[in-house]
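Q: My questions will all concern the structure given below.
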């Protein structure tokens, strides 16, 4: 009995791990019924895997039996792997007992598609319903929405879940047709639009009646696989910027394709594109928190993100005419755009300069990375830089200059690059 | 040269502030009574904690500071690293000597130091909320020990009280030798009789609930299988979970044989 459960957990956690979302923030479920759990506000990472990713939720598939045959997916029908399925009760018990010991913030439940979309979705909803109603569970629940599931089921799912997500998986319709022939964009975007509508509606009702039921209070998210198909960074960022606008998504997650499959529809790669994935996340952050437009980061002429330097530095080097920025007078929005200055330091600068003119020592104390910022700023019209360097030289100085610390991984991949060249 | 000594409580420290202002004699050092060395030069003032004086200082601060800044000041006290008393003193002095609100003046060293101390405390608080691992005992109590870098137990109690409203639990700080116990109604402070050299209290086999081992094992199984070996990144892993926290984490303990 115990061994069977261990085996199921082994198979169904392993199959769920390529879904990168593990967020548990943004819930608004307070523990008001003297039940178990409280999911308001900040998320918590209870552990980190050896690949450095946050473990916040019990992230499992209900089953890895699947009628679909998507090339990039480890659970695809034609793949020869062990199959297993949890019962509803088993998932409930695991969630409750992990939660009580403070291992997790809640449950992220997804599933392979067995029989059909509605049949699968109905079981996911049943787990969430049981947790909420029978166990007074107020922890975080993220349910995957199965493409093609009916509107009623999605609506019910949103009543129990804090977050819903539909994965787009591939950044273009063409790739989806090639690699996931049973899926199409319409079936993915429809539930996404549906959820958005429900979210808006629930918010309106909440304004009128405080007791109106909330719908997925932590919003919806999606995931794109990077590197399994030929789309460039420009296409990917265009798509996510559109998704943020049109479907008001909370997050778009990017999953660097891990070569798990020998399917001949896929490119042959030996390592997941971790650095590219990281640069795309940085670009995503620039769009969501730093006021950048997707077009400023990459465009048709420069469709690829620079792997060596972060996209903010890249933008600054292409737009030298805007710099240097005088930190004692510049707008907050402009200070945010300086390489080496993050949101926290930008806020401190704007706050502190009301009291006294700032100098470079103040900046260093506040946590500004002067090694990068010095090429782009002045303080009381003074500069740390006597000469005006060419963009290319600044790039090299920041990359290879003394004391520059490179991530071990980047160094390794750059070294390889040089050996080849 | 003015050395002030006090009893180590927050109230005592606020009383020091009061006395210093009363005498217009600014401290060059503030130390706890039981560690203070009498000063060879200058004057030593032994301050006795006084609720009324402390309240007057605190109310004065409340008038001039946001709730967030008041919290940051209290967190600096819990931070407790060398010189924290002087940082708090400098901060209060700056508050009382300025007409406008100074909490955004990060160009002043004490304001930046308070902000940074509070940030460290907040991070440790958050880590404890994340890394506490309860073990279930035979009588249904969920028990955990911690030994945080800073004295954050008072700050995490509320979090666990809200979260685990329907289960009795206890968290014990083995460094500072006190704990919090929730009995389904309220939280109270407790002391345990632990042998002095025992750093980390573990439950004996007969005190553990019979299901405890299987859930620890299932958690280890989950932890191992959610990892993607192709993406292994030990540096990043260690940045998130520094080694000194591993002792709490059941997923970091040796694997049980199946």
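Chains as they are written, first to last, in the numbering used here: chain A, 112 to 532; chain B, 2 to 259.
By construction, the Cβ of each residue, glycine as well, lies at the ideal position given by its N, Cα and C atoms.
The model shown is predicted, which means the values in this text are computed figures rather than measured ones.
Under a CB-based cut-off of 7 angstroms, is residue 161 of chain A close to chain B?
A: One-based indexing of the first chain puts residue 161 of chain A at position 50. Answer yes: the Cβ-Cβ gap between residue 161 of chain A and chain B drops below 7 angstroms somewhere.
Q: Report yes or no: is there a C-beta of chain A within less than 7 angstroms of the C-beta of residue 190 of chain B?
A: For this step, residue 190 of chain B is matched to residue 189 along the second chain. So, not an interface residue.
Q: With DSSP collapsed to three states, give me the class of residue 167 of chain A.
A: To locate residue 167 of chain A, count along the first chain from 1; it is residue 56. Correct three-state label for residue 167 of chain A: coil.
Q: Have a look at residue 156 of chain B and residue 385 of chain A and give me their C-alpha separation to the nearest angstrom.
A: Mapped onto the second chain, residue 156 of chain B falls at position 155. Mapped onto the first chain, residue 385 of chain A falls at position 274. Those two C-alpha atoms are separated by around 38 angstroms.
Q: So, is residue 158 of chain A buried or exposed, given that buried needs 16 or more other C-beta atoms within 10 angstroms?
A: Within the first chain, numbered from 1, the residue matching residue 158 of chain A stands at position 47. Buried, since its Cβ has 16 or more Cβ neighbours within 10 Å.
Q: Does DSSP classify residue 532 of chain A as helix, strand or coil?
A: Residue 532 of chain A sits at position 421 when you count from the first residue of the first chain. Legend: pLDDT at residue 532 of chain A = 40, less than 50; position of this residue unreliable, value from coordinates given subsequently. It is coil, neither helix nor strand.
Q: Note the first and the last residue of the continuous beta strand (DSSP E) segment covering residue 363 of chain A.
A: Numbered from its first residue, the first chain carries residue 363 of chain A at position 252. 362-367 is the span of the beta strand (DSSP E), which, as asked, contains residue 363 of chain A.
Q: For residue 122 of chain A, I'd like the list of residues in its chain whose CB is within less than 6 angstroms of its CB, leaving aside the five on either flank, ordered along the chain.
A: Here residue 122 of chain A refers to the residue found at position 11 when the first chain is read from its first residue. The answer, listed in chain order, is 193 and 195.
Q: If you compare alpha carbons, which of A:443, A:114 and A:286 is closest to residue 401 of chain A?
A: In the first chain, residue 401 of chain A corresponds to position 290, counting from 1. The candidate whose alpha carbon is nearest that of residue 401 of chain A is A:443.
Q: Nearest-angstrom Cα distance between residue 91 of chain B and residue 111 of chain B?
A: In the second chain, counting from the first residue as 1, residue 91 of chain B sits at position 90. In the second chain, counting from the first residue as 1, residue 111 of chain B sits at position 110. Residue 91 of chain B and residue 111 of chain B: Cα-Cα distance of roughly 6 angstroms.
Q: Would you say residue 125 of chain B faces chain A, with C-beta separation under 7 angstroms as the test?
A: For the purposes of this step, residue 125 of chain B is taken as residue 124 along the second chain, with counting starting at 1. Taking Cβ atoms only, chain A never reaches closer than 7 angstroms to residue 125 of chain B, which makes this a no.
Q: Flag this pair as yes or no: are the beta carbons of residue 241 of chain A and residue 203 of chain A separated by less than 7 angstroms?
A: Taking the first residue of the first chain as position 1, residue 241 of chain A is located at position 130. Taking the first residue of the first chain as position 1, residue 203 of chain A is located at position 92. In this structure, residue 203 of chain A lies closer than 7 angstroms to residue 241 of chain A by Cβ.
Q: Could you check the C-alpha separation between residue 207 of chain B and residue 356 of chain A for me, to the nearest Å?
A: As a working note, residue 207 of chain B is residue 206 in the second chain. As a working note, residue 356 of chain A is residue 245 in the first chain. Looking at the two C-alpha atoms, the distance is approximately 58 angstroms.
Q: Under 6 angstroms Cβ to Cβ from residue 248 of chain A, same chain only, skipping five residues before and after it: list those, please.
A: Along the first chain, read from residue 1 onward, the residue named residue 248 of chain A stands at position 137. Excluding sequence neighbours, residue 248 of chain A sits near 147, 148 and 242.
Q: Beta-carbon within less than 6 angstroms of residue 242 of chain B's beta-carbon, same chain only, minus the 5 sequence neighbours each way: which residues are those?
A: One-based indexing of the second chain puts residue 242 of chain B at position 241. Cβ within range, chain order: n/a, list empty.
Q: Return the residue from the list A:277, A:283, A:318 and A:294 that minimises the CA-CA distance to residue 304 of chain A.
A: Indexing the first chain from 1 puts residue 304 of chain A at position 193. Nearest of A:277, A:283, A:318 and A:294 to residue 304 of chain A, Cα basis: A:277.
Q: I'd like the list of long-range same chain contacts for residue 408 of chain A, defined as Cβ closer than 7 angstroms, with 5 residues on each side in sequence excluded.
A: Locating residue 408 of chain A in the first chain gives position 297, where the first residue counts as 1. 348, 394, 397, 422 and 426, listed in sequence order.
Q: Answer yes or no: do residue 80 of chain B and residue 15 of chain B have a C-beta to C-beta separation smaller than 7 angstroms?
A: One-based indexing of the second chain puts residue 80 of chain B at position 79. One-based indexing of the second chain puts residue 15 of chain B at position 14. It is not a contact, given that the beta carbons lie outside the stated cut-off.
Q: Tell me the rounded alpha-carbon separation between residue 265 of chain A and residue 368 of chain A.
A: The residue labelled residue 265 of chain A in the question sits at position 154 within the first chain. The residue labelled residue 368 of chain A in the question sits at position 257 within the first chain. The alpha-carbon atoms of residue 265 of chain A and residue 368 of chain A are separated by roughly 28 angstroms.
Q: At what residues does the beta strand (DSSP E) containing residue 140 of chain A begin and finish?
A: As a working note, residue 140 of chain A is residue 29 in the first chain. 138-140 is the extent of the beta strand (DSSP E) around residue 140 of chain A.
Q: Nearest chain B C-beta to residue 515 of chain A closer than 7 angstroms, yes or no?
A: Along the first chain, one-based indexing puts residue 515 of chain A at 404. In this predicted model, residue 515 of chain A has a pLDDT of only 47, less than 50, meaning its place in the structure is not dependable enough to derive any value.
Q: With 16 other CB atoms within 10 Å as the buried threshold, where does residue 1 of chain B fall?
A: Chain B is shown from 2 up to 259; residue 1 of chain B falls before or after that span and cannot be answered.
Q: In this structure, how does DSSP classify residue 457 of chain A when only helix, strand and coil are distinguished?
A: Taking the first chain and counting its residues from 1, the one referred to as residue 457 of chain A is at position 346. Here residue 457 of chain A sits in helix by DSSP.
Q: Identify every residue that forms a DSSP beta bridge with residue 174 of chain B.
A: As a first step, residue 174 of chain B is located in the second chain; it is residue number 173 there, counting from the start. DSSP, once it has assigned bridges, lists B:147 and B:179 as partnering residue 174 of chain B.
Q: Please tell me whether residue 157 of chain A has its Cβ less than 7 angstroms away from any Cβ of chain B.
A: In the first chain, residue 157 of chain A corresponds to position 46, counting from 1. Judged by the 7 angstroms Cβ criterion, residue 157 of chain A is in contact with chain B.
Q: So, is residue 35 of chain B buried or exposed, given that buried needs 16 or more other C-beta atoms within 10 angstroms?
A: Counting from 1 along the second chain, the entry for residue 35 of chain B is found at position 34. Exposed, because fewer than 16 other Cβ atoms sit within 10 Å of the Cβ of residue 35 of chain B.
Q: Mind checking who residue 190 of chain B pairs with in its DSSP beta bridge?
A: Here residue 190 of chain B refers to the residue found at position 189 of the second chain. Beta-bridge pairing links residue 190 of chain B to B:181.
Q: Please compile the residues from chain B whose C-beta is within a distance smaller than 8 angstroms of the C-beta of residue 369 of chain A.
A: The count along the first chain starts at 1 and reaches residue 369 of chain A at position 258. Per Cβ cutoff of 8 angstroms: 229, 231 and 232.
Q: So for residue 133 of chain B, helix, strand or coil by DSSP?
A: Looking up residue 133 of chain B in the second chain gives position 132. The answer is coil: DSSP assigns residue 133 of chain B none of H, G, I, E or B.
Q: Along the stretch 128-149 of chain B, where does the CB come closer than 8 angstroms to a CB of chain A? Name the residues.
A: If the cut-off is 8 angstroms between Cβ atoms, the stretch 128-149 of chain B has 130, 131, 132, 133, 134, 135, 136, 137, 143 and 145 near chain A.
Q: Out of curiosity, what's the CA-to-CA distance linking residue 210 of chain A and residue 216 of chain A?
A: Taking the first residue of the first chain as position 1, residue 210 of chain A is located at position 99. Taking the first residue of the first chain as position 1, residue 216 of chain A is located at position 105. Straight-line Cα distance between these residues: approximately 7 angstroms.
Q: Just to make sure I have the definition right: I need the residues of chain B whose C-beta is within less than 9 angstroms of the C-beta of residue 329 of chain A. Which are they?
A: On the first chain, position 218 is the one that residue 329 of chain A refers to. In chain order: nothing, as chain B lies at least about 17 angstroms away.
Q: Using a Cβ-Cβ cut-off of less than 8 angstroms, give me the residues of the stretch 165-195 of chain B that come near chain A, in sequence order.
A: Residues 165, 166, 167 and 168.
Q: Cα-Cα, which of B:6, B:21 and B:205 is closest to residue 137 of chain B?
A: If you number the second chain from 1, residue 137 of chain B lands on position 136. Per the Cα distances, B:205.
Q: Determine the extent of the beta strand (DSSP E) in which residue 146 of chain A is found, giving its start and end residues.
A: Within the first chain, the letter at position 35 stands for residue 146 of chain A. Where residue 146 of chain A is concerned, there is no enclosing beta strand (DSSP E), given that its DSSP letter is neither H nor E.
Q: Cα separation between residue 216 of chain B and residue 18 of chain B?
A: Here residue 216 of chain B refers to the residue found at position 215 of the second chain. Here residue 18 of chain B refers to the residue found at position 17 of the second chain. If I take the Cα positions, the gap works out to 51 angstroms.
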